[in-house]
Amino acid sequence: MSIISFSENSAGYLIPFEDGKALCDFNSPIEEAEAWVAKQDLSISNEIVVLGLGGGFHVQALKEAHPYLKIHLIECRDQLLPIYKKQIQSQVENYSCFQSLESLLDSEVFETVVMKSLPVYFMQNTWGTQEDLFYSLWKNLTGRSVYAIAKHFANLGIEIDEGTLTSLKATEKPLTIKDATDIIANSNSPAAQESRGYFETLKELLR
186 MSIISFSENS
196 AGYLIPFEDG
206 KALCDFNSPI
216 EEAEAWVAKQ
226 DLSISNEIVV
236 LGLGGGFHVQ
246 ALKEAHPYLK
256 IHLIECRDQL
266 LPIYKKQIQS
276 QVENYSCFQS
286 LESLLDSEVF
296 ETVVMKSLPV
306 YFMQNTWGTQ
316 EDLFYSLWKN
326 LTGRSVYAIA
336 KHFANLGIEI
346 DEGTLTSLKA
356 TEKPLTIKDA
366 TDIIANSNSP
376 AAQESRGYFE
386 TLKELLR
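Numbering (the numbering used here), first residue to last: 186 to 392.
In structure tokens, the structure reads:
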């Protein structure tokens, strides 16, 4: 279990630390958050996922710059939210805290993200010392894991045969679009065979 602590900066903001590592810029958290928001392409959806709360300044900057956005906030450290809500004085809707990958995969928010193919955004330093867990959550939320690929294809009515699933379980790397096309091309399920021509064409375009 990591240790979360808070330290007040010169502007009077409480900055979260995890095992001594700051979860946002200590001196200029607002400027850092605004710069991060300015770099994001938010034109692709009016509903998004933000993975990692940290100090929450980037979440607040998102809300202020894009008030129409519906934000699903996912975190793994429940000590951060109370300070964020008190400090920013903002209500947090659609917040979920998962301390394991298994709890995410069993959740309604995972089903929603997969079903709607929601884009996932994150500010790297908010992950702190939980980078491995956040990376695993990100990989599944964005359909780059075997399980997530299977869920995405299930929404299309395409089942992945056991042989393909077994071979894919050996890799820890994020799965790419090319990997996905290979899954379809190698699958023997009827729905996959119906879609094979489309995915083989897509595979050629990705060469």
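We put the beta carbon where it would ideally sit given N, CA and C, even for glycine.
- Residue environment analysis places PRO375 among the exposed positions, since fewer than 16 neighbouring C-beta atoms fall within 10 angstroms of its C-beta.
- Counting other Cβ atoms within 10 Å of its Cβ, PRO201 reaches 16 or more and is therefore classed as buried.
- A straight-line Cα-Cα distance of about 11 Å links SER288 and VAL294.
- In this chain, TYR320 is not harboured by any beta strand (DSSP E); it is covered by the alpha helix (DSSP H) spanning 316-326.
- Pairing LEU247 with VAL222 gives a Cβ-Cβ distance under 7 Å.
- Annotation: the region 195-224 contains the following complete segments of the beta strand (DSSP E) (minimum length 3 residues), in chain order: 199-203.
- The three-state reading of DSSP puts GLU278 in coil, since its state is none of H, G, I, E or B.
- For TYR280, same chain residues with a beta-carbon under 6 Å away, outside a window of 5 residues either side, are LEU258 in chain order.
- For HIS251, DSSP assigns no beta-bridge partner whatsoever.
- Of LEU286, GLY197 and VAL235, the smallest CA-CA separation from THR311 is found for VAL235.
- DSSP places LEU236 inside the beta strand (DSSP E), whose first and last residues are 232-236.
- For SER187, the closest C-alpha among the options ILE215, ASP263 and ILE334 is that of ASP263.
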